Amino acid sequence: MKHSMDYLSLIQSIPAHRTALIEDGRFYTYGTLVMEACRIRSLSPEPAAPSVAWIKAASVHGQLVRFLAFSGTSRVPVIVPADMKYVPESLITEEIPAGACMGVLTSGSTGQPKLWFRTLDSWASFFPIQNTIFGMTAQTRLFAQGSLAFTGNLNLYLSLLSLGASIITASPVNPSVWCREIELHHVDALYLIPSKLRLLAKYASHSSPDIKTILAGSQSLGRGDMVLLKAAYPDSCCFLYYGASELSYVTWLTDQEMNDNPACIGKPFPGVDVTLCNGEIYVDTPYSAIGITGPYSVGDTGYMDRDGYLYFNGRKDNVYNIHGNKVSAVKIENALNSLPQVQEAAVIFENNALRAHVVLPVPTPSGQDAAALRRIIKKELNDYLESWEIPRDIVFHENLPKNNSGKTVMGLLSAKESITI
Numbered sequence: 023m024k025h026s027m028d029y030l031s032l033i034q035s036i037p038a039h040r041t042a043l044i045e046d047g048r049f050y051t052y053g054t055l056v057m058e059a060c061r062i063r064s065l066s067p068e069p070a071a072p073s074v075a076w077i078k079a080a081s082v083h084g085q086l087v088r089f090l091a092f093s094g095t096s097r098v099p100v101i102v103p104a105d106m107k108y109v110p111e112s113l114i115t116e117e118i119p120a121g122a123c124m125g126v127l128t129s130g131s132t133g134q135p136k137l138w139f140r141t142l143d144s145w146a147s148f149f150p151i152q153n154t155i156f157g158m159t160a161q162t163r164l165f166a167q168g169s170l171a172f173t174g175n176l177n178l179y180l181s182l183l184s185l186g187a188s189i190i191t192a193s194p195v196n197p198s199v200w201c202r203e204i205e206l207h208h209v210d211a212l213y214l215i216p217s218k219l220r221l222l223a224k225y226a227s228h229s230s231p232d233i234k235t236i237l238a239g240s241q242s243l244g245r246g247d248m249v250l251l252k253a254a255y256p257d258s259c260c261f262l263y264y265g266a267s268e269l270s271y272v273t274w275l276t277d278q279e280m281n282d283n284p285a286c287i288g289k290p291f292p293g294v295d296v297t298l299c300n301g302e303i304y305v306d307t308p309y310s311a312i313g314i315t316g317p318y319s320v321g322d323t324g325y326m327d328r329d330g331y332l333y334f335n336g337r338k339d340n341v342y343n344i345h346g347n348k349v350s351a352v353k354i355e356n357a358l359n360s361l362p363q364v365q366e367a368a369v370i371f372e373n374n375a376l377r378a379h380v381v382l383p384v385p386t387p388s389g390q391d392a393a394a395l396r397r398i399i400k401k402e403l404n405d406y407l408e409s410w411e412i413p414r415d416i417v418f419h420e421n422l423p424k425n426n427s428g429k430t431v432m433g434l435l436s437a438k439e440s441i442t443i
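Numbering (our numbering) for the sequence shown: 23 to 443.
Below, the structure is given as structure tokens:
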């Protein structure tokens, strides 16, 4: 199953001496990536029938080179998380559709993986549009963090590599390391999920005028977050987007368009149509995965205002009926995340009550009374929420369980140990 064009072909025209990737201080040129990918491809005979090449590597470099090697061959590349112990049998036996150039795993917040296959054009034909909107060029030096098993990372890497840009990454989840790498390598663009952006902005020791673009997805950003980001990166323009692995980019907005409601996720990208039916978001896009016909819903809910801006209320199964009132977990999480006492929060409904799982800012004041802190948080929530929306219980954690896209795995929250403060 050969394609006339693939992701390796897209970067072969970039001058070989240009820096493509810097990972933990190690430099890889475009020529190096092409040479390594071609070597792997030559040593991997193509099977008679299409099969999946499951890519499991600890480093971004290892993931990227193998992905490029198998893209466009009969071995369709799928990057899996490095900590995945085994690939579910249901995925191994899944039939590969005609035209598949790659596959992506998505699990959302359930933790159950699902495999979607994509054609080359379903991403590559949108690269010129997204690069133009986000201001990405061949001179861009972007910092990103995390595995390429997260489709947001993989998509942006491939779109920037098609331009000849440079990507800088660091494996530790450590904002002080990120700040060092950003300054050392003269980074001018950032791509991180909002929870990591908040960490980075808090740890930035001084403002950096070099950062011109900040791109975020997968979670919400509010005006309070923008104050932090603008203090650290005063000359930046921030873009927030909403999308899904099976749909790609859906809506976007800039920091200048953000309002007091962090649920606002912007207007549709060019060529993408968004409609709502009974509060559920449906998307019609030419950039979807193979087998999806629009309008299509991933189960997200929301509403659209009179100016055409879409607002995200969360998954259908994260909207609860409490005393006859519809309660959105996302609305409560946004309210919690706006409080100075909270670094990150997730809300679930269990045992017939709302429970908030909260990560406190670092460092946490020693000797702080947990009961008193719960009372303070609940009191401040009264300014944002109705009485029936305020969680009955608040549990404190060092961190929340996450998947590769940075989304909280809700099914693991109950098993997560709380901390004593």
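Heads up, the beta-carbon is just placed ideally off N, CA and C, and yes, glycines get one too. Predicted model, so just to flag it, every value in this text is computed and none were measured.
When DSSP labels each residue in this structure, what does residue i get in the three-state scheme?
i: C123; result: coil
i: T173; result: helix
i: D232; result: coil
i: H25; result: Confidence at H25 is low in this model, with a pLDDT of 48, below 50, so its placement is unreliable and the value that follows should be read with caution. H25 falls in the coil class under three-state DSSP.
i: S188; result: strand
i: K424; result: strand
i: D405; result: coil
i: V109; result: coil
i: N373; result: coil
i: Y179; result: helix
i: E366; result: strand
i: F89; result: helix
i: I36; result: coil
i: I398; result: helix
i: A253; result: helix
i: G265; result: strand
i: L434; result: helix
With burial defined as no fewer than 16 other Cβ atoms inside 10 Å of the residue's Cβ, what is the status of residue i: buried or exposed?
i: T159; result: exposed
i: I114; result: exposed
i: N175; result: buried
i: A122; result: buried
i: L206; result: exposed
i: D28; result: buried
i: S453; result: No answer is possible for residue 453: it lies beyond the span of the chain, which begins at 23 and ends at 443.
i: H228; result: exposed
i: R140; result: buried
i: S147; result: exposed
i: Y325; result: exposed
i: E111; result: exposed
i: S267; result: buried
By alpha-carbon positions, which one of the options ends up nearest to residue i?
i: P119; options: R48, A367, I412 and G313; result: G313
i: I395; options: P423, L361 and S409; result: Contrary to the premise, residue 395 reads as Leu rather than Ile in this sequence. Taking only the C-alpha atoms, the option nearest L395 is L361.
i: L237; options: A226, S258 and V249; result: S258
i: D327; options: F148, Y271, V369 and L298; result: L298
i: S144; options: L262, P135 and V126; result: V126
i: L358; options: N374, V380, I370 and I344; result: V380
i: K107; options: I77, L90 and V82; result: I77
i: K353; options: A104, P383, A367 and H345; result: A367
i: H208; options: L221, L214, P231 and G433; result: P231
i: R184; options: G321, A311, Q34 and F156; result: First, the residue type needs correcting, since residue 184 is Ser and not Arg in the sequence shown. Answer by Cα proximity: Q34.
i: S188; options: F172, A393 and L55; result: L55
i: N300; options: T323, K289 and P308; result: T323
i: A392; options: E116, F371, Q363 and H228; result: Q363
i: E355; options: P308, K429 and Y325; result: K429
i: A70; options: R97, V82, N421 and Y331; result: R97
i: K7; options: V109, S310, I233 and N404; result: With the chain covering 23 to 443 only, the question about residue 7 has no answer from this structure.
i: I233; options: L214, P256 and L219; result: P256
i: R1; options: V82, S112, Y179 and P72; result: Within the shown structure, residues of the chain are numbered from 23 to 443, placing residue 1 beyond reach of any answer.
i: T191; options: N177, T173 and S169; result: S169
By Cβ distance below 8 angstroms, which residues in the same chain neighbour residue i in space, the five residues on each side in sequence not counted?
i: P292; result: I151
i: S31; result: G94
i: R245; result: M280, N281, D282 and P284
i: K348; result: V341 and Y342
Among residues of its own chain, excluding the 5 on either side of residue i, which ones have a beta-carbon nearer than 6 angstroms to its beta-carbon?
i: S211; result: Just to set this straight, residue 211 is Ala in the shown sequence, not Ser. Closer than 6 angstroms at the Cβ level, and outside the excluded window around A211, lie T162, L164 and T235.
i: S350; result: N335, G336 and V341
i: D295; result: D306
i: A59; result: L30, V87, L90 and A91
i: F149; result: S181 and S184
i: W302; result: A quick correction: the sequence has Glu, not Trp, at residue 302. If we look at E302 and ignore the five residues flanking it on each side, its Cβ neighbours are S319 and T323.
i: L221; result: P197
Using a Cβ-Cβ cutoff of less than 7 angstroms, which residues in the same chain neighbour residue i once the five nearest sequence positions on both sides are dropped?
i: I36; result: Y52 and G186
i: R40; result: T51, Y52 and G186
i: P216; result: A238, Q241, S242, L243 and D247
i: F156; result: T235, L237 and F261
i: H25; result: The predicted model places H25 with a pLDDT of 48, which falls under 50 and marks its position as unreliable; any figure quoted below should be read in that light. Excluding positions up to five away in sequence, the list reads G94, C123 and L142.
i: L407; result: I354 and A357
For residue i, verify whether its CB is less than 7 angstroms away from any heavy atom of the ligand ATP.
i: Y179; result: This structure does not include the ligand ATP; it has no bound ligands of any sort.
Write down every uninterrupted run of the beta strand (DSSP E) in the segment 288–322 whose length is 3 residues or greater and which is fully enclosed by it, in chain order. 295–299 and 302–306
For a minimum of 3 consecutive residues, which ranges assigned as the beta strand (DSSP E) are wholly contained in the segment 190–227? 211–213
Could you pull out every unbroken beta strand (DSSP E) segment of at least 3 residues lying fully inside the segment 40–74, listed in chain order? 41–45 and 48–51
Going residue by residue through the segment 323–361, where are the continuous beta strand (DSSP E) segments of at least 3 residues, counting only ones entirely within it? 332–337, 341–344 and 347–350
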